[in-house]
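Respectively, the protein sequence lines represent chains A and B.
Position one of the first sequence corresponds to residue 8 (my numbering), numbered consecutively onward.
Position one of the second sequence corresponds to residue 8 (my numbering), numbered consecutively onward.
Below is one structure; the comments refer to it alone.
2 protein chains.
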Amino acid sequence: MSILQEISQNVKNIKPLEFNILARQLNLIKKELRRGVRKPFKEVIDVSMGDLHMSGLKPLSFIRQVLAACLYPPLVNSSKLPVDVRQRAQKLLGECVGGSVGSYTHTAGIPEIVHSISEFITRRDGGAPSVPENIYISPGSQWSIMNILKVLVNSESNPRTGVLTPVPSHCTTTSCITSLGGVVVPYYLTEEQGWQLQVAELQRALEFAKGVCNPVALYVINPGNPSGQVQSRKSMQEVIQFVSEKRLFLLADEVYQDLVYGDENEFLSYKRVLAEMGLPLSDTAELASFHSASKGFIGECGLRGGYVEMVNLDSAVMKHIHTMFSTDSCAPVLGQIALDLMTNPPQPGDPSYPLYVTETEHIRKTLAHNVKIVPEVLNSLPGFCCQPVEGGAFAFPRLYLPPKVIQKAKEMELHPDSFYCIRLLEEAGVLVLPGSEYEQKEGTFHISSNKF
Amino acid sequence: MSILQEISQNVKNIKPLEFNILARQLNLIKKELRRGVRKPFKEVIDVSMGDLHMSGLKPLSFIRQVLAACLYPPLVNSSKLPVDVRQRAQKLLGECVGGSVGSYTHTAGIPEIVHSISEFITRRDGGAPSVPENIYISPGSQWSIMNILKVLVNSESNPRTGVLTPVPSHCTTTSCITSLGGVVVPYYLTEEQGWQLQVAELQRALEFAKGVCNPVALYVINPGNPSGQVQSRKSMQEVIQFVSEKRLFLLADEVYQDLVYGDENEFLSYKRVLAEMGLPLSDTAELASFHSASKGFIGECGLRGGYVEMVNLDSAVMKHIHTMFSTDSCAPVLGQIALDLMTNPPQPGDPSYPLYVTETEHIRKTLAHNVKIVPEVLNSLPGFCCQPVEGGAFAFPRLYLPPKVIQKAKEMELHPDSFYCIRLLEEAGVLVLPGSEYEQKEGTFHISSNKF
Numbered sequence: 008m009s010i011l012q013e014i015s016q017n018v019k020n021i022k023p024l025e026f027n028i029l030a031r032q033l034n035l036i037k038k039e040l041r042r043g044v045r046k047p048f049k050e051v052i053d054v055s056m057g058d059l060h061m062s063g064l065k066p067l068s069f070i071r072q073v074l075a076a077c078l079y080p081p082l083v084n085s086s087k088l089p090v091d092v093r094q095r096a097q098k099l100l101g102e103c104v105g106g107s108v109g110s111y112t113h114t115a116g117i118p119e120i121v122h123s124i125s126e127f128i129t130r131r132d133g134g135a136p137s138v139p140e141n142i143y144i145s146p147g148s149q150w151s152i153m154n155i156l157k158v159l160v161n162s163e164s165n166p167r168t169g170v171l172t173p174v175p176s177h178c179t180t181t182s183c184i185t186s187l188g189g190v191v192v193p194y195y196l197t198e199e200q201g202w203q204l205q206v207a208e209l210q211r212a213l214e215f216a217k218g219v220c221n222p223v224a225l226y227v228i229n230p231g232n233p234s235g236q237v238q239s240r241k242s243m244q245e246v247i248q249f250v251s252e253k254r255l256f257l258l259a260d261e262v263y264q265d266l267v268y269g270d271e272n273e274f275l276s277y278k279r280v281l282a283e284m285g286l287p288l289s290d291t292a293e294l295a296s297f298h299s300a301s302k303g304f305i306g307e308c309g310l311r312g313g314y315v316e317m318v319n320l321d322s323a324v325m326k327h328i329h330t331m332f333s334t335d336s337c338a339p340v341l342g343q344i345a346l347d348l349m350t351n352p353p354q355p356g357d358p359s360y361p362l363y364v365t366e367t368e369h370i371r372k373t374l375a376h377n378v379k380i381v382p383e384v385l386n387s388l389p390g391f392c393c394q395p396v397e398g399g400a401f402a403f404p405r406l407y408l409p410p411k412v413i414q415k416a417k418e419m420e421l422h423p424d425s426f427y428c429i430r431l432l433e434e435a436g437v438l439v440l441p442g443s444e445y446e447q448k449e450g451t452f453h454i455s456s457n458k459f
Numbered sequence: 008m009s010i011l012q013e014i015s016q017n018v019k020n021i022k023p024l025e026f027n028i029l030a031r032q033l034n035l036i037k038k039e040l041r042r043g044v045r046k047p048f049k050e051v052i053d054v055s056m057g058d059l060h061m062s063g064l065k066p067l068s069f070i071r072q073v074l075a076a077c078l079y080p081p082l083v084n085s086s087k088l089p090v091d092v093r094q095r096a097q098k099l100l101g102e103c104v105g106g107s108v109g110s111y112t113h114t115a116g117i118p119e120i121v122h123s124i125s126e127f128i129t130r131r132d133g134g135a136p137s138v139p140e141n142i143y144i145s146p147g148s149q150w151s152i153m154n155i156l157k158v159l160v161n162s163e164s165n166p167r168t169g170v171l172t173p174v175p176s177h178c179t180t181t182s183c184i185t186s187l188g189g190v191v192v193p194y195y196l197t198e199e200q201g202w203q204l205q206v207a208e209l210q211r212a213l214e215f216a217k218g219v220c221n222p223v224a225l226y227v228i229n230p231g232n233p234s235g236q237v238q239s240r241k242s243m244q245e246v247i248q249f250v251s252e253k254r255l256f257l258l259a260d261e262v263y264q265d266l267v268y269g270d271e272n273e274f275l276s277y278k279r280v281l282a283e284m285g286l287p288l289s290d291t292a293e294l295a296s297f298h299s300a301s302k303g304f305i306g307e308c309g310l311r312g313g314y315v316e317m318v319n320l321d322s323a324v325m326k327h328i329h330t331m332f333s334t335d336s337c338a339p340v341l342g343q344i345a346l347d348l349m350t351n352p353p354q355p356g357d358p359s360y361p362l363y364v365t366e367t368e369h370i371r372k373t374l375a376h377n378v379k380i381v382p383e384v385l386n387s388l389p390g391f392c393c394q395p396v397e398g399g400a401f402a403f404p405r406l407y408l409p410p411k412v413i414q415k416a417k418e419m420e421l422h423p424d425s426f427y428c429i430r431l432l433e434e435a436g437v438l439v440l441p442g443s444e445y446e447q448k449e450g451t452f453h454i455s456s457n458k459f
């Protein structure tokens, strides 16, 4: 009998991933294919993850050349690499302690890189000032979200701390909240209106929460994952008014900011919209904005680099956030460098610029093409209804399943959409994720698929 | 006034780093030196961190060549790189999803790398079997420790969960325990006997703990940090007997396993010693062993790769550990690859082997030399007493401070040894860490310095 009799209820409450069931099946099928077992398909098409390179889109040469030269400095002198690549690598190595990407950095990140991210934010946000001291680099944005939640969620409070989170949304954030002893307060995006976030629904969720927990924060993700919705300035202004009136902390997950499609859609950061709303809001509403090297055109998920910028936080709170970020070592140095390169890409006139433009344009065009056809194709299939896709990595079509399928799934103790995904994998060799992994309105079913 | 009124006591309890005070002073001094301000030194010597590359020791060519080729695959065809480097890079790229180090991997790590780590462990431990399913790769070993502690420490239990931890030890582990709402139960290493771990002291600490909390685990670090002590087989057997009798989970931090000096010292893993103690212990004592790409000869702290191997855990508990490791994305892929290269270095006959041996021998000799002279020099200074150093990255000499210094420090609201470290930095340009950062016996003072 194990020593660990009393495992924390918070840990037990974390929902195991539906993906685990599919991953087991996927491994089985791959093994069978290798053994030569005949199937209706020759290889599995995996569109379950928001991962550009997994989907066959190529890493950007500039990014990889600079990273390789930082890792193996003799390349800084190689005539085979463009001169701006070599200069950039040399500059970055000069910013590493001991001139090596193998050394630890400040726990907040290499100061020069933090500074350069801060300048990027200011440019992006039309001049709204950004302060390097408010930025922390971490091994992916999720790690930053976890650290901020540790400060937000008071594990000893009674009633427990609540965080409003969208349905659907990826389960990593809700798992974090649960593991810290917080309460996930769902608010539903309006599918029929392209997965819009509506303040009336935030209001409803908040009222509902008040009997159950002490809501302190609102988590939004824009562009949406998996919804694919892009918020308008008006919608964001309403959200900011709401959090300000209700005294909620705003967690703005903006990792998909590069992936916005169509001329009528534009990414605006919450920080910018807030700044442009003027006083007194612009000086008081508290928010944290997250970004990542994983989700833009560079798509470097495997390097694990993300950051958070804090806006309007009390210095007494920042002290604790600083301590939280100091309890572990720094973020991976190559992930930090990827953030530097992502936020400061080659400029016109640089030797690497033409290739950089060609490569990013290829990705942009591929995505624009897919974003158009994914809803078209899905809506032409019986039993599917897909909202237009405005941004992000995924489409999240609704699936109308016949009662017999739902019954069969229940008999197998599976979510009906998980049952559908397993059958789709077995019969067509296509791996998508079930809506139940993301939560969805009771009685509705969905699948999520990337558009790469 | 901030929204965040009720910050969790667990977060508030985390002790801010003494290092922060020194870091501020360090930045000031560096700025002054750049401005041309005259000081008794021309540059600061930083020996505060266990970081090979920061200290000027060079990264290993083989490691960096393979990593660079994985990042920038055209190098796989470069005749400038040895053929075994290119083959290895090609093999590793074949194990990455989509052939890119920019893709996500399994949350436990790339299966082939986990497998190769498992084989390394079996070889290292004289054949004691290792199972890949019990191994998880993470962004540094500290992250693994945190995840295991999340399962061990029950934040809702009353009395709270206790974890026995050595004094001195690095503050990251104690911060983890505190942040989870656990109780740090100190046990003191015996300085006068070269910082030995003594079971009688474990016994005392456990008895003491019983009135305060519910002790469930013992954390040991061998080779010691900052103590520099290496445990004998006999000492480890006693610890295993103790945890088994007292039903404690053993957290064995073995990240310094490569750094053992002198012919009479040898690293033995807790898993090996346990296996060789035979039944029934070998089948029942529960432990987790941690290792890292940061602390061996490769010294790749910045890549953030570590792993944990679980031994004898109940499958019901493993399920929760698996869930914990699934709540965030994978470890940095290049950190994973560094682990593969560290645990499977070039072999005799490989083109890279001669250079690999030359480079590791240089590091080995530098360390062996320093390990000999560090205690000699320190013990020749008035007010210092340094135990022999057997392993690890640090020496942790005792510092005898005159009452006037202690009084002065108190007036400045500083720990006396922090006061000493600040003065050493200001007057000699040498950065070491104060013993108060690591905890120490009441009324004693120390500094920690690396030996690179």
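Beta carbons: idealized from backbone N, C-alpha and C, even for Gly.
Every unbroken alpha helix (DSSP H) within the stretch 357 to 434 of chain A, with a cutoff of 4 residues, ordered by chain: Residue ranges of uninterrupted alpha helix (DSSP H) with 4 or more members, entirely inside the stretch 357 to 434 of chain A and ordered along the chain, are 360 to 387 and 410 to 418.
Between B/Q94 and chain A, is there a C-beta pair that is closer than 7 Å? On the second sequence, residue 94 of chain B is found 87 positions in, with the first residue counted as 1. Answer no: the Cβ-Cβ gap between B/Q94 and chain A never drops below 7 Å.
Outcome for A/R93 when other beta-carbon atoms lying within 10 angstroms are tallied against a minimum of 16: Reading the first sequence from its first residue, position 86 is the one you call residue 93 of chain A. By the neighbour-count criterion, in which a residue is buried when 16 or more other Cβ atoms sit within 10 angstroms of its Cβ, A/R93 is buried.
What residues of chain A sit near B/G342, judged by a beta carbon separation below 7 Å? As a first step, residue 342 of chain B is located in the second sequence; it is residue number 335 there, counting from the start. Within chain A, the residues near B/G342 are P339.
Do B/E163 and A/N161 have their C-beta atoms within less than 7 Å of each other? Start at 1 with the first residue of the second sequence, and residue 163 of chain B comes out as number 156. Start at 1 with the first residue of the first sequence, and residue 161 of chain A comes out as number 154. No; because the gap between Cβ atoms is not below 7 Å, this pair is not in contact.
Between which two residues does the beta strand (DSSP E) harbouring B/Y195 extend? Mapped onto the second sequence, residue 195 of chain B falls at position 188. Element bounds for B/Y195: V190 to Y195.
Any C-beta of chain B under 7 Å from that of A/R430: Within the first sequence, residue 430 of chain A is the residue found at index 423, counting from 1. Answer no: the Cβ-Cβ gap between A/R430 and chain B never drops below 7 Å.
Does B/D290 come out as helix, strand or coil in the three-state DSSP assignment? The residue labelled residue 290 of chain B in the question sits at position 283 within the second sequence. Helix, per DSSP.
Residues that DSSP places opposite B/A295 in a beta bridge: For this step, residue 295 of chain B is matched to residue 288 along the second sequence. Paired residue(s): B/L258 and B/M317.
Work out the CA separation of B/V44 and A/L374 for me, nearest whole Å. By one-based count along the first sequence, residue 374 of chain A stands at place 367. By one-based count along the second sequence, residue 44 of chain B stands at place 37. Between the C-alpha atoms of A/L374 and B/V44 there is a straight-line separation of about 55 Å.
Please name the residues in the stretch 411 to 423 of chain B whose beta-carbon is closer than 8 Å to at least one beta-carbon of chain A, in chain order. none
Cβ shell of A/S251 (< 8 Å), same chain only, five flanking positions each side left out: As a first step, residue 251 of chain A must be located in the first sequence, where it is residue number 244. Result list for A/S251: L288, T291 and A292, in chain order.
Please list, in chain order, the residues of the stretch 71 to 101 of chain A that have any C-beta partner in chain B closer than 7 Å. R71, Q72, L74, A75, L78, Y79 and L82
Does A/S336 come within less than 7 Å of chain B when only Cβ atoms are used? Within the first sequence, the letter at position 329 stands for residue 336 of chain A. Yes, A/S336 lies at the interface with chain B (some Cβ there is under 7 Å from its Cβ).
Compute the Euclidean distance between the alpha carbons of B/Q149 and A/L281, then round it to the nearest angstrom. Start at 1 with the first residue of the second sequence, and residue 149 of chain B comes out as number 142. Start at 1 with the first residue of the first sequence, and residue 281 of chain A comes out as number 274. Taking the Cα positions, B/Q149 is about 37 Å away from A/L281.
Tell me which residues of the stretch 27 to 60 of chain B have at least one Cβ-Cβ distance to chain A shorter than 7 Å, keeping chain order. M56, D58 and H60
If you draw a straight line from the alpha carbon of A/V170 to that of A/E140, how long is it in whole angstroms? Against the first sequence, residue 170 of chain A aligns to sequence position 163. Against the first sequence, residue 140 of chain A aligns to sequence position 133. Cα-Cα distance, rounded: 26 Å.
Which term fits A/H60, buried or exposed, when burial requires 16 or more other beta carbons within 10 angstroms of its beta carbon? If you number the first sequence from 1, residue 60 of chain A lands on position 53. With 16 or more other Cβ atoms within 10 Å, it is buried.
Flag A/Y263 as yes when its Cβ comes closer than 6 Å to any non-hydrogen atom of the ligand ATP, and as no otherwise. By its list of ligands, the structure shown contains no ligand whatsoever, and the ligand ATP lies outside what it can speak to.
Check for me: the alpha helix (DSSP H) holding A/V174 runs from which residue to which? Along the first sequence, read from residue 1 onward, the residue named residue 174 of chain A stands at position 167. A/V174 -> not in any alpha helix (DSSP H); beta strand (DSSP E) instead, spanning T168 to V174.
Let me check understanding here. Comparing Cα to Cα, which of A/L33, A/Y277, A/S301 and A/G306 lies closest to A/V51? The residue given as residue 51 of chain A occupies position 44 in the first sequence. Of A/L33, A/Y277, A/S301 and A/G306, the residue nearest in Cα terms is A/L33.
Any Cβ of chain A within less than 7 Å of the Cβ of B/Y277? As a working note, residue 277 of chain B is residue 270 in the second sequence. No, its Cβ sits nowhere closer than 7 Å to a Cβ of chain A.
So, for A/V461: in the same chain, excluding its five sequence neighbours on each side, which residues have a beta-carbon less than 6 Å away from its beta-carbon? There is simply no residue 461 of chain A to check, as chain A begins at 8 and stops at 459 in what is shown.
Could you pull out every unbroken beta strand (DSSP E) segment of at least 3 residues lying fully inside the stretch 20 to 107 of chain B, listed in chain order? Within the stretch 20 to 107 of chain B, no complete beta strand (DSSP E) run reaches 3 residues.
Proximity of A/G109 and B/G309 at Cβ, strictly below 7 Å: Walking along the first sequence from the start, residue 109 of chain A turns up at place 102. Walking along the second sequence from the start, residue 309 of chain B turns up at place 302. It is a contact, given that the beta carbons lie within the stated cut-off.
Bridge-paired residues (DSSP) for A/L225: Residue numbering aside, residue 225 of chain A sits at position 218 when the first sequence is read from its first letter. A/L171 and A/L257, per the DSSP bridge assignment.
Inter-residue spacing [alpha-carbon to alpha-carbon] between B/L88 and A/V437: Position 81 of the second sequence, counting from 1, holds the residue named residue 88 of chain B. Position 430 of the first sequence, counting from 1, holds the residue named residue 437 of chain A. Distance between the alpha carbons of B/L88 and A/V437 is about 39 Å.
Kindly indicate which residue of A/S107, A/I144 and A/Q97 has the alpha-carbon position closest to the one of A/P118. The count along the first sequence starts at 1 and reaches residue 118 of chain A at position 111. Nearest option by C-alpha distance: A/I144.
Would you mind telling me which residues of chain B sit closer than 8 Å to A/K19, beta carbon to beta carbon, in chain order? Mapped onto the first sequence, residue 19 of chain A falls at position 12. The answer, in chain order, is H327.
Check whether the stretch 19 to 29 of chain B and the stretch 190 to 199 of chain A are in contact - that is, three or more C-beta pairs closer than 8 Å. no
Would you call B/Y445 buried or exposed, if buried means 16 or more other Cβ atoms sit within 10 Å of its Cβ? In the second sequence, residue 445 of chain B corresponds to position 438, counting from 1. B/Y445 should be labelled buried.
Just confirm the distance between the C-beta atoms of B/D260 and B/I228, as a whole number of angstroms; I'd bet it's less than 8 Å. Locating residue 260 of chain B in the second sequence gives position 253, counting from the first residue. Locating residue 228 of chain B in the second sequence gives position 221, counting from the first residue. About 4 Å separates the two Cβ atoms, so the contact holds.
What is the C-beta distance between B/Q264 and B/H298, in whole angstroms, given that I count them as a contact (C-beta under 8 Å)? Counting from one through the second sequence, the residue named residue 264 of chain B turns up at place 257. Counting from one through the second sequence, the residue named residue 298 of chain B turns up at place 291. Yes, they are in contact, since the Cβ atoms of B/Q264 and B/H298 sit about 7 Å apart, within 8 Å.
Are three or more beta carbon pairs between the stretch 390 to 404 of chain A and the stretch 113 to 131 of chain A nearer than 8 Å? no
For B/N161, the first and last residue of its enclosing alpha helix (DSSP H): Start at 1 with the first residue of the second sequence, and residue 161 of chain B comes out as number 154. Where B/N161 is concerned, there is no enclosing alpha helix (DSSP H), given that its DSSP letter is neither H nor E.
Buried versus exposed call for A/N386 [16 or more other C-beta atoms within 10 Å across all chains shown]: Locating residue 386 of chain A in the first sequence gives position 379, where the first residue counts as 1. It is exposed - the Cβ of A/N386 has fewer than 16 other Cβ atoms within 10 Å.
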